[in-house]
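**Q**
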Amino acid sequence: MTTPATYDDANLILRLYEMRREEKMREARAWFVKNFYCRTIEEYQQVAPPGSAENAFMRQVITYWEMVSSLITSGVLNEHLFFQSGQELLLVWTRIEKVCPLARAAFHNPGMWHNIEEVAGRYIAHMNQIDGAAYAAFAARVSPNR
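Just so you know, the numbering used here puts 1031 at position 145 of the sequence shown, and the rest follows in order with no gaps.
#1: If you follow the alpha helix (DSSP H) that A1030 is part of, which residue opens it and which one closes it?
#2: Can you confirm whether the region 955 to 965 touches the region 987 to 995 when touching is taken to mean that 3 or more C-beta pairs between the two stretches lie within less than 8 Å?
#3: Three or more C-beta pairs closer than 8 Å, one from the region 941 to 956 and one from the region 917 to 929: is that the case here?
#4: Tell whether a beta-carbon distance below 8 Å holds between F1024 and L967.
#5: Is I899 near W951, with beta carbons less than 8 Å apart?
#6: Can you say whether S955 is buried or exposed, counting buried as having 16 or more other CB atoms within 10 angstroms of its CB?
#7: Is G972 helix, strand or coil by DSSP?
#8: Assign Y1021 to buried or exposed, taking buried as 16 or more other Cβ atoms, counted over all protein chains shown, within 10 Å of its Cβ.
#9: Under DSSP, the alpha helix (DSSP H) around H1012 begins and ends at which residues?
#10: DSSP state of Y903, grouped into three classes?
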């Protein structure tokens, strides 16, 4: 049995939504969705070179969802309530999944994006429990070059 969501969970989700609506964040999210399809470190560094505006956009989006994920993995935010409206986290994970282990090795950071990976895994299991083909269909739609 899962712990029921609280008003605090709902308020936190609303606050996180407000943060996503901030102008720079919207710009970063739009750039990420349009441009980030990396499967290698070379592609990663080409699409978002260090010191570039694109790199700042990429970091803003990924670290935002890593932060949100940390709230879930630490038990601060009810994951089942989040799963009802947080599908953008899965889009981001689907786009970084292939490059994640490569980035961890290249940057000597084995914990890089750990929270988003853990929450995405739970979210995928949740989706597939409802319909076994749900995540595969979602991933094909948001990252067709997987």
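Glycine included, C-beta positions come from ideal geometry on N, C-alpha and C. Bear in mind that the values here come from a model prediction, so they are computed numbers and not experimental data.
**A** Concretely, from the data shown:
#1: The residue given as residue 1030 occupies position 144 in the sequence shown. It is Pro, not Ala, that sits at residue 1030 in the sequence shown. Here P1030 belongs to no alpha helix (DSSP H), and DSSP marks it neither H nor E.
#2: no
#3: yes
#4: For the purposes of this step, residue 1024 is taken as the residue at position 138 of the sequence shown. For the purposes of this step, residue 967 is taken as the residue at position 81 of the sequence shown. No, these two residues do not count as a Cβ contact at 8 Å.
#5: The count along the sequence shown starts at 1 and reaches residue 899 at position 13. The count along the sequence shown starts at 1 and reaches residue 951 at position 65. No, Cβ-Cβ distance for I899 and W951 is not below 8 Å.
#6: Position 69 of the sequence shown, counted from the first residue, corresponds to residue 955. By the neighbour-count rule (16 or more Cβ atoms within 10 Å), S955 is buried.
#7: Working through the sequence shown from its first residue, we reach residue 972 at position 86. Coil.
#8: Numbered from 1 along the sequence shown, position 135 holds the residue referred to as residue 1021. Buried is the call here.
#9: As a position in the sequence shown, residue 1012 is number 126, starting the count at 1. From DSSP, the alpha helix (DSSP H) with H1012 extends over 1000 to 1016.
#10: For the purposes of this step, residue 903 is identified with residue 17 of the sequence shown, where counting begins at 1. Looking at Y903 - three-state DSSP - the assignment turns out to be helix.
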